[in-house]
Amino acid sequence: MKKFSIILILLFVTILSYSQNIMEYSKVIQAEGISAVDLYSITKSWISLKFVRPKKVIQVEDPTKNYISCNASSIYSYGTLQALAYDGEVHYTIVIQSRDGRVRVEMTNLIHENLTTNNRNCNLGLLYNIDNQFTKGVYKSFNNKVAKDIKYKMLLLFDEICDSLEDFVKNPESSYNEDW
7 MKKFSIILIL
17 LFVTILSYSQ
27 NIMEYSKVIQ
37 AEGISAVDLY
47 SITKSWISLK
57 FVRPKKVIQV
67 EDPTKNYISC
77 NASSIYSYGT
87 LQALAYDGEV
97 HYTIVIQSRD
107 GRVRVEMTNL
117 IHENLTTNNR
127 NCNLGLLYNI
137 DNQFTKGVYK
147 SFNNKVAKDI
157 KYKMLLLFDE
167 ICDSLEDFVK
177 NPESSYNEDW
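Count the sequence shown with my numbering and you get residues 7 to 186, in order.
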């Protein structure tokens, strides 16, 4: 019973430490003079224009709390022949919350999933905000190198998303073409 208690405590501490280090990017976009309700409406319009299938992307939306949560994915490739086994997708969650005069955008839950025809050892899964996440196995050094590359490329994607949303918030009418 004593061993079971120790194992249970160690398992709980490990899960707790990893859950606090999930990779996450966050940015607050200032939108002075725009109400939270209007910002919610603007961000929902942005999602409908930005994503191919917005109804499939939006997972949770709460207009009373001005909250939208989206699940999306992006194609990933390391870019070299030696890393073809890592080619696949990175799934992620985007959370957008609106308040009077500002919008907070978060990207979290980065999950790497390689193609099903590739080596399963090259499927990295959930990425954490630590430098050397992978400490065991034959592929650990290359897994860490690829994880670092994914985090960098997802940061670039997050910056693109934030820039696009910020431009749209500042000028939502620019996407509507009156000359049709």
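For glycine and all other residues, C-beta sits at the position ideal for the given N, C-alpha and C. These figures come from a predicted structure and were not determined experimentally.
Run of the beta strand (DSSP E) containing residue i, from where it starts to where it stops
i      : result
ASN150 : Looking at the DSSP string, ASN150 is not in any beta strand (DSSP E); the run it does join, the alpha helix (DSSP H), is 146-176.
ALA78  : 73-82
ILE102 : 94-105
ILE64  : 64-68
LEU116 : 108-120
Residues of its chain near residue i, where Cβ-Cβ distance is below 6 Å and the 5 sequence neighbours each way are ignored
i      : result
TRP52  : LEU171, PHE174
GLU179 : none
LEU133 : MET29, LEU116, ALA153
7 Å Cβ shell around residue i - same chain, five flanking residues per side excluded
i     : result
LYS61 : none
PRO69 : TYR46
C-beta contact flag for residue i and residue j at 8 Å
i     : j      : result
TYR98 : ASP155 : no
LYS33 : VAL101 : no
ASP93 : ASN120 : yes
Buried versus exposed, by CB contacts within 10 Å (16 or more), residue i
i      : result
ASN149 : buried
SER104 : buried
LEU87  : exposed
VAL109 : buried
VAL96  : buried
TYR158 : exposed
Cutoff 8 Å: residue i Cβ touching any chain C Cβ
i      : result
CYS168 : Among the protein chains of the structure shown there is no chain C, as only one such chain exists.
Beta-carbon separation (whole angstroms), residue i vs residue j, contact threshold 8 Å
i      : j     : result
SER75  : GLN65 : 5 Å
LEU162 : SER80 : Their Cβ separation, rounded to whole angstroms, is 10 Å, which puts LEU162 and SER80 out of contact at 8 Å.
Limits of the unbroken alpha helix (DSSP H) element including residue i
i     : result
TYR46 : 42-56
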